[in-house]
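With positions in the sequence shown counted from 1, the corresponding number in this note's numbering is that position plus 22. Heads up, the beta-carbon is just placed ideally off N, CA and C, and yes, glycines get one too. Keep in mind it's a predicted model, so treat the numbers as computed, not measured. Okay, so here's the structure we're looking at.
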Amino acid sequence: MRILRIGFFFILTATAVAASAQSSETLPFTLKPLGHGVYAAIDDAKGDAGANAGFVIGDNGVLVVDTFENERAARALLSEIRKLTPLPIRFVVNTHYHLDHVAGNRIFQDAGAVVIAHRNVGAWIHTENLKFFGKNIKPEQKAEVEALGAPDIFYDDALTLRLGSREIAVTHLLGHTGGDSVVRIEDAKVTFWGDLFWRKTLPNLIDATTADWSKTLSTDGPWLKRFEGTEVPGHGDVGTIEDVREFGGYLNDLREIVKTVEEQKKSGDELVAAVLPEIAKKYGKWEFFEYFAKPNIKDMDAELRGTKRKPGDPQR
Ligand SMILES: [Zn+2]
C-alpha cells in the first residue's frame with residue numbers, strides 16, 4: 023500500500039530498504055485461518071506487504087489470491103503455504119492490476135502456478151502501473167514495472183475454478199479500476215474482494231468509477247447477498263458484510279457531499295476545503311484518511327464533472 027498510499031510518488035527502493043531492515047523472521051503480514059483451508063494474509067501495520075492476499079488449500083492444489091507489493095512478501099507467503107501443505111500451487115488470481123496486488127506474480131509462476139485475471143489486467147499491468155511513480159519515474163522503476171509477471175489466462179465476465187471437489191467462483195465486478203475480480207469460496211463462505219472493499223479504510227479512487235462501484239455494493243443489488251459470510255478486503259482487516267455495506271456508504275456519502283458543494287459553485291481548492299471537514303465527521307478515524315481524503319474529493323469531483331481519466335485513456 024505504500025506506493026498507492028503515499029501520493030503516487032513513493033519509490034520501490036524505499037520499500038526494499040524498509041524490508042531488508044526487518045528481521046527475516048518477521049512476516050510482513052498476519053496469517054488468519056478462516057476455516058475450510060482458507061487463509062487471509064493481512065498486511066502489517068507498517069504496510070510491509072503493501073496489500074492483503076490469501077489462499078485456499080483444496081483437494082489437489084492451492085489457489086492464491088493476489089501477490090503483494092514486493093517479492094519478499096510473496097516469498098514469505100509461499101513459504102507459509104509450504105508449511106501447511108505440499109500440494110502444488112495451481113492458480114493465482116490477481117484481483118486487479120495495481121502494483122500492490124501483482125508484484126509477487128513471478129514468485130508463484132516460478133513455483134508452477136498459472137496467473138489468472140480479468141482481461142484488463144493484462145492490458146494495464148505494464149502501462150498503467152507506471153503512473154504511481156509520477157512523471158520523474160527512474161529507469162529502474164520503469165524496468166521493474168515492465169518486468170512484472172503478467173497473467174497467463176484472462177477471462178471476461180465470470181470463471182469457475184476447481185481444486186478437486188472444491189469450486190471457486192471468480193466474478194468481474196465494476197467500480198475500482200474496470201478490471202477487478204472478486205473471488206468467492208462458496209463452501210467456506212469466504213469472499214476475497216480485492217480493492218472493491220476497503221475495511222474502515224479510505225480507498226484509492228485514482229481509477230475508480232464510483233457510480234459503477236456503488237451499484238456493485240448496492241444493498242438492493244445481488245452481490246452483497248450472494249457474498250455474505252467472511253469478507254476479506256484488499257486493505258484493512260477481515261470483516262463482515264456489514265463492513266462492506268459501511269464502505270459502500272462512504273462512497274455514497276462522498277458523492278452526495280461533493281455534489282452539494284459543486285452546486286454551491288465551488289471548485290478546486292475551495293471545494294476540497296469545504297468537503298474535507300464534512301467527510302471527517304464520519305470517516306476521519308478511518309485508515310489512510312490523511313493520504314486519501316483530498317485525492318478522493320478531487321477524484322469524485324472529476325467523476326461528477328465528467329473529466330475523470332480512466333485506465334486505458336491517454337495519459338495527461
Ligand atoms: Zn490495493
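Are there three or more Cβ pairs, one per stretch, closer than 8 Å when the region 244–251 is compared with the region 277–294? In short, these stretches do not touch, since the Cβ pair count stays below three.
Among Ile129, Tyr177, Thr117, Lys211, which residue has its Cα nearest to the Cα of isoleucine 103? Here residue 103 corresponds to residue number 81 of the sequence shown, with the count starting at 1. Looking at the Cα atoms, Ile129 is the closest of the given residues.
Cβ pair count under 8 Å reaching 3, the region 150–167 against the region 183–194: No: fewer than three Cβ pairs fall under 8 Å.
I need the straight-line Cα distance from threonine 107 to glycine 290, nearest angstrom please. Taking the sequence shown and counting its residues from 1, the one referred to as residue 107 is at position 85. Taking the sequence shown and counting its residues from 1, the one referred to as residue 290 is at position 268. In this structure, the straight-line span from the alpha carbon of threonine 107 to that of glycine 290 is close to 54 Å.
Residue range of the beta strand (DSSP E) that includes aspartate 202: For the purposes of this step, residue 202 is taken as the residue at position 180 of the sequence shown. Counting along the chain, the unbroken beta strand (DSSP E) around aspartate 202 starts and ends at 202–207.
Whole-number beta carbon distance between threonine 231 and glycine 197, since they are thought to touch under 8 Å: Counting from one through the sequence shown, the residue named residue 197 turns up at place 175. Counting from one through the sequence shown, the residue named residue 231 turns up at place 209. Correct: roughly 6 Å between the Cβ atoms.
So, does the region 114–126 touch the region 217–228, judging by three or more C-beta pairs under 8 Å? The region 217–228 and the region 114–126 touch, with three or more beta-carbon pairs separated by less than 8 Å.
Report buried or exposed for glutamate 91, applying the criterion of at least 16 other Cβ atoms within 10 angstroms of its Cβ. Position 69 of the sequence shown, counted from the first residue, corresponds to residue 91. Under this definition glutamate 91 is a buried residue.
Inspect the CB distances between the region 202–209 and the region 291–301 and report whether three or more fall short of 8 Å. Result no; under three Cβ-Cβ pairs closer than 8 Å.
Which residues in the same chain as alanine 95 place their Cβ atom closer than 6 Å to its Cβ, once the five residues preceding and following it in sequence are excluded? As a working note, residue 95 is residue 73 in the sequence shown. Pro50, Ala71, listed in sequence order.
Specify the secondary structure class of lysine 54 as computed by DSSP and reduced to three states. In the sequence shown, residue 54 corresponds to position 32, counting from 1. Here lysine 54 carries a strand assignment [DSSP, helix/strand/coil].
Examine the Cβ distances between the region 173–180 and the region 128–146 and report whether three or more of them are shorter than 8 Å. Below 8 Å, enough C-beta pairs join the region 173–180 and the region 128–146 to call them touching: three or more.
Alpha-carbon spacing of aspartate 323 relative to glutamate 309, whole angstroms: Position 301 of the sequence shown holds residue 323. Position 287 of the sequence shown holds residue 309. Those two C-alpha atoms are separated by around 22 Å.
So, are the CB atoms of leucine 109 and isoleucine 79 less than 8 Å apart? Translated into positions along the sequence shown, residue 109 becomes position 87. Translated into positions along the sequence shown, residue 79 becomes position 57. Between leucine 109 and isoleucine 79, the CB-CB gap stays under 8 Å.
3-residue-minimum beta strand (DSSP E) runs that sit fully inside the region 123–157, ordered along the chain: Runs of the beta strand (DSSP E) inside the region 123–157: 136–140.
Counting only the same chain and skipping the five closest in sequence on each side, list residues whose C-beta sits under 7 Å from that of leucine 53. For the purposes of this step, residue 53 is identified with residue 31 of the sequence shown, where counting begins at 1. Around leucine 53: Tyr61, Ala63, Glu102.
Isoleucine 228, DSSP secondary structure in three states: What you label residue 228 is simply residue 206 of the sequence shown in a count that begins at 1. Reduced to three states, the DSSP call for isoleucine 228 is coil.
Tell me which same chain residues have a C-beta within less than 7 Å of the C-beta of alanine 43, skipping the five on either side of it? Taking the sequence shown and counting its residues from 1, the one referred to as residue 43 is at position 21. Only weak support exists for where alanine 43 lies, its pLDDT of 46 falling under 50; the value from the coordinates is given anyway. Around alanine 43: no qualifying Cβ.
Under a three-way DSSP split, which group does glycine 29 fall into? Position 7 of the sequence shown, counted from the first residue, corresponds to residue 29. Model confidence at glycine 29 stands at a pLDDT of 41, short of 50, so the residue's coordinates are unreliable and nothing is read from them.
Less than 7 Å separating the Cβ of alanine 172 from some heavy atom of ligand 1? As a working note, residue 172 is residue 150 in the sequence shown. Distance from the C-beta of alanine 172 to the nearest heavy atom of ligand 1 is not below 7 Å.
Distance between arginine 97 and aspartate 234 (C-alpha atoms, nearest Å): The residue given as residue 234 occupies position 212 in the sequence shown. The residue given as residue 97 occupies position 75 in the sequence shown. Here the C-alpha atom of aspartate 234 lies approximately 35 Å from the C-alpha atom of arginine 97.
Measuring from the CB of alanine 180, is there a heavy atom of ligand 1 at a distance below 7 Å? Position 158 of the sequence shown, counting from 1, holds the residue named residue 180. The answer is no for alanine 180.
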